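Scroll down for the structure; my scribbles are underneath it.
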Amino acid sequence: MNEKGIADLLEQLAEQKKRGVDHGEVYLQTGTGHLIHYEDRRIEEISSFRADGVSARLVQGEATFMAHAPGLQADTASRVLRLAEADAGQALSAPLGGTDPLLEPEPGLPSLEADWLAEVDRTIREGSPWVKQVGIQIRSSSKQVLVLGSHGRAAQDRRRYTSFSVHVVVERDGVLRTGYEARSCSFPMEQFWGGEDPLALGREALRRALLQLEARPCPAGVFPVVVSGSAGGTLIHEACGHGLEADIVRKDYSAFRDRLGQPVASPLIHLVDDATLPGNYGSYAVDDEGTPAGRTVLLEAGILKGYLTDLTNARLGGWPATGNGRRESYRCAPVPRMSNTFVLPGDMEEEEMLDRMGEGLYVRMMGGGEVDPTTGDFVFHVSEGYRVEGGVIAYPVRGATLTGNGPEVLRNVQAVGRDLHFEPGICGKAGQGVPVSDGQPSLWIREILVGGSDTGDEDA
4 MNEKGIADLL
14 EQLAEQKKRG
24 VDHGEVYLQT
34 GTGHLIHYED
44 RRIEEISSFR
54 ADGVSARLVQ
64 GEATFMAHAP
74 GLQADTASRV
84 LRLAEADAGQ
94 ALSAPLGGTD
104 PLLEPEPGLP
114 SLEADWLAEV
124 DRTIREGSPW
134 VKQVGIQIRS
144 SSKQVLVLGS
154 HGRAAQDRRR
164 YTSFSVHVVV
174 ERDGVLRTGY
184 EARSCSFPME
194 QFWGGEDPLA
204 LGREALRRAL
214 LQLEARPCPA
224 GVFPVVVSGS
234 AGGTLIHEAC
244 GHGLEADIVR
254 KDYSAFRDRL
264 GQPVASPLIH
274 LVDDATLPGN
284 YGSYAVDDEG
294 TPAGRTVLLE
304 AGILKGYLTD
314 LTNARLGGWP
324 ATGNGRRESY
334 RCAPVPRMSN
344 TFVLPGDMEE
354 EEMLDRMGEG
364 LYVRMMGGGE
374 VDPTTGDFVF
384 HVSEGYRVEG
394 GVIAYPVRGA
404 TLTGNGPEVL
414 RNVQAVGRDL
424 HFEPGICGKA
434 GQGVPVSDGQ
444 PSLWIREILV
454 GGSDTGDEDA
């Protein structure tokens with residue numbers, strides 16, 4: 004690491020602070036990775052990538068001045084900082100001269116082995132004569148960041164990501180159905196396979212696809228719903244989490260604006276965001292502004308306790324900095340983002356919830372959907388759901404949708420289970436995607452509008 008170059012940049016940033024800049028940073032990123040896409044008994048794609056670059060950002064009031072360039076050299080970083088200072092807003096197409104990098108380029112990862120993907124494909128196809136298509140994707144990446152701040156400190160973090168997904172299409176009598184299963188974590192590949200079985204993940208994707216062949220159309224109406232812990236926290240993330248991000252709150256786009264200290268959910272709900280959980284897909288040591296990661300209590304016994312902030316929105320809103328300023332790459336400006344967001348477990352078993360619910364819908368896996376963070380209104384597809392009758396699971400359903408309002412759903416939680424489970428994903432916002440994980444135990448919700456379908460085409 005170029006200690007002199009870092010010291011020079013910190014000095015330049017300190018000068019900017021003296022001139023009235025509220026906050027500034029130089030952000031360096033070096034990353035590399037591999038991807039394999041296997042489909043229909045052959046490798047469709049093998050690719051590798053590298054992303055090394057630097058950006059400088061100066062914030063004064065609500066105005067942001069930023070420039071970026073590829074490369075890690077000290078001369079490039081200084082030039083980018085000068086461009087930001089001049090409000091040039093430029094993106095340099097090539098690094099400048101100099102051979103002494105501020106941050107050593109991330110070493111290349113070992114190549115991914117592809118031979119075993121054929122075994123996963125074969126195992127799935129042997130499981131049913133109805134299998135029409137199998138798609139498998141595996142991705143491994145490593146990323147290192149160095150953030151130099153106008154507060155005079157440098158912060159560094161290395162992040163390793165591994166993800167594996169299986170997509171299965173089955174066909175019977177001209178009817179197509181799909182199943183999907185995925186795992187992602189912030190571990191290197193060798194640690195990932197220490198806790199996961201790719202054959203088991205493939206069988207689970209097949210099970211979901213075959214289940215949809217037997218599923219009945221979902222009845223429509225207003226029903227009580229139990230959302231299993233195995234569904235992860237998609238409902239919480241989309242219908243509630245984005246509305247707790249400080250930029251959305253401050254711009255008056257959130258249903259949770261001006262509600263700090265007020266009850267906004269059932270007293271059974273305790274919601275936190277924690278970027279320090281070992282191995283979770285949304286974990287990191289410092290955020291992309293150099294703020295140490297931490298645990299932020301958002302809801303405590305249903306009372307709104309805080310928002311997720313970056314440095315800019317913390318300053319403008321008068322809130323604590325929570326370490327949630329995140330960006331996809333050096334080309335992007337950080338914005339408030341969730342990391343690992345989850346509901347704390349309660350004390351009821353899922354079987355007791357179903358028994359006490361009596362009639363309704365049991366959701367084991369959520370699909371895609373839409374949400375309006377201004378109001379909290381949402382529509383979600385159910386990828387795996389079951390009709391509950393007499394307190395027991397009666398039959399699988401297809402084509403179910405959940406329509407409701409996030410704050411209202413939180414207020415209607417009747418019971419919280421013990422079975423906390425996380426699901427990983429890439430969260431999109433402001434044109435950027437960052438790794439997150441969402442978690443919840445089973446939740447018994449008093450009522451939600453359930454839409455039905457005679458075709459279940461969203462699964463085909």
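Numbering-wise (the working numbering), the sequence shown opens with residue 4 and increments by one. For every residue, glycine included, the Cβ atom is placed at its ideal position computed from N, Cα and C. Note that the structure is a prediction, hence the values are computed from the model and not measured.
N-terminal and C-terminal residue of the beta strand (DSSP E) that residue i is part of
{"i": "TRP447", "result": "446–454"}
{"i": "GLN1", "result": "Examination of residue 1 is not possible in this model, given that the chain is present from 4 through 463 alone."}
{"i": "ALA54", "result": "45–63"}
{"i": "GLN140", "result": "134–152"}
{"i": "LEU38", "result": "26–42"}
{"i": "CYS335", "result": "Note, CYS335: premise wrong, no beta strand (DSSP E); not H, not E."}
{"i": "LEU302", "result": "298–303"}
{"i": "TYR464", "result": "Since the first residue shown for the chain is 4 and the last is 463, residue 464 is missing from the structure and cannot be characterised."}
{"i": "ALA398", "result": "A small correction: the amino acid at residue 398 is Tyr; Ala does not occupy that position in the sequence shown. 395–401 is the extent of the beta strand (DSSP E) around TYR398."}
{"i": "ASN283", "result": "Per DSSP, ASN283 belongs to no beta strand (DSSP E) and is neither H nor E."}
{"i": "LYS254", "result": "No beta strand (DSSP E) contains LYS254, which DSSP labels as neither H nor E."}
{"i": "GLU426", "result": "424–432"}
{"i": "THR344", "result": "343–346"}
Spatially closest choice to residue i from the options, by CA coordinates
{"i": "PRO108", "options": "LEU179, ALA89, LEU314 and ARG53", "result": "ARG53"}
{"i": "GLY454", "options": "VAL419, ASN415, GLY442 and VAL400", "result": "VAL400"}
{"i": "VAL385", "options": "THR404, GLU392 and ILE396", "result": "THR404"}
{"i": "PRO113", "options": "GLU193, ASP55, LEU446 and HIS40", "result": "GLU193"}
{"i": "VAL173", "options": "ARG44, SER189 and PRO132", "result": "PRO132"}
{"i": "ASN408", "options": "CYS243, VAL289, GLY393 and ARG161", "result": "CYS243"}
{"i": "VAL288", "options": "GLY420, ARG262, ASP160 and ALA258", "result": "The sequence given here places Ala at residue 288; Val does not occur at that position. ALA288 has its Cα closest to that of ASP160, out of GLY420, ARG262, ASP160 and ALA258."}
{"i": "ALA70", "options": "GLN76, GLY64, GLN63 and SER81", "result": "SER81"}
{"i": "LEU235", "options": "VAL439, ARG22 and ARG390", "result": "Correcting the residue identity first, residue 235 is Gly in this sequence and not Leu. Selected option, being the one with the closest Cα: VAL439."}
{"i": "ARG156", "options": "GLU352, PRO295 and MET368", "result": "PRO295"}
{"i": "ASN5", "options": "SER168, GLN19, PRO104 and TYR41", "result": "PRO104"}
{"i": "PHE383", "options": "MET369, GLY138, PHE226 and GLU331", "result": "MET369"}
{"i": "ALA89", "options": "PRO110, ASP276 and VAL62", "result": "VAL62"}
{"i": "GLN435", "options": "ARG421, GLY328 and VAL374", "result": "GLY328"}
{"i": "LEU106", "options": "GLN32, PHE167, ARG210 and SER145", "result": "GLN32"}
{"i": "ASP313", "options": "ARG210, ILE251, GLN19 and LEU16", "result": "ILE251"}
{"i": "GLU241", "options": "TYR30, ASP441 and LEU319", "result": "ASP441"}
{"i": "ASP43", "options": "ARG414, GLU122, GLY34 and TYR365", "result": "GLU122"}
{"i": "ASP291", "options": "PHE68, PRO227 and LEU149", "result": "LEU149"}
{"i": "LEU115", "options": "ILE49, SER145 and ASP78", "result": "ILE49"}
{"i": "ARG210", "options": "GLU355, GLY130, ASP358 and HIS40", "result": "GLY130"}
{"i": "ARG414", "options": "SER233, GLY388 and TRP447", "result": "TRP447"}
{"i": "GLY326", "options": "LEU319, MET360 and SER286", "result": "SER286"}
{"i": "LEU301", "options": "MET341, PHE190 and GLY293", "result": "MET341"}
{"i": "CYS221", "options": "GLN443, ASP25 and ALA397", "result": "ALA397"}
{"i": "SER516", "options": "SER332, THR279, VAL395 and ARG22", "result": "Past the edges of the chain, shown from 4 to 463, lies residue 516, and the structure says nothing about it."}
Terminal residues of the alpha helix (DSSP H) in which residue i lies
{"i": "VAL123", "result": "118–129"}
{"i": "ASP11", "result": "6–21"}
{"i": "GLU248", "result": "Note, GLU248: premise wrong, no alpha helix (DSSP H); not H, not E."}
{"i": "PRO73", "result": "Here PRO73 belongs to no alpha helix (DSSP H); instead the beta strand (DSSP E) covers 66–73."}
{"i": "GLY442", "result": "That residue, GLY442, is in no alpha helix (DSSP H); its beta strand (DSSP E) goes 435–443."}
Three-state class that DSSP yields for residue i in the structure shown
{"i": "GLY459", "result": "For GLY459, the predicted model reports a pLDDT of 43, less than 50, meaning its position is unreliable and no value from the coordinates is stated."}
{"i": "ASN327", "result": "coil"}
{"i": "PHE190", "result": "coil"}
{"i": "GLU88", "result": "helix"}
{"i": "PRO410", "result": "helix"}
{"i": "ARG318", "result": "helix"}
{"i": "PHE381", "result": "strand"}
{"i": "MET351", "result": "strand"}
{"i": "ILE239", "result": "helix"}
{"i": "ASP277", "result": "strand"}
{"i": "PHE259", "result": "coil"}
{"i": "VAL83", "result": "helix"}
{"i": "SER386", "result": "strand"}
{"i": "ALA418", "result": "strand"}
{"i": "ARG180", "result": "strand"}
{"i": "ALA77", "result": "helix"}
{"i": "LEU271", "result": "coil"}
{"i": "LEU115", "result": "coil"}
{"i": "ALA234", "result": "helix"}
{"i": "LEU357", "result": "helix"}
| said: Across the segment 260–273 and the segment 303–319, are there enough close Cβ pairs to call them in contact, namely three or more that are closer than 8 angstroms? | reply: yes
| task | Counting only runs of 4+ residues fully inside the segment 199–229, write out the alpha helix (DSSP H) ranges in chain order. | result | 201–217
| field | Cβ contact (3+ pairs, closer than 8 angstroms) linking the segment 354–372 and the segment 194–205 | value | no
| task | Mind the definition here: the segment 416–427 touches the segment 316–324 only if three or more C-beta pairs lie below 8 angstroms; say whether that holds. | result | no
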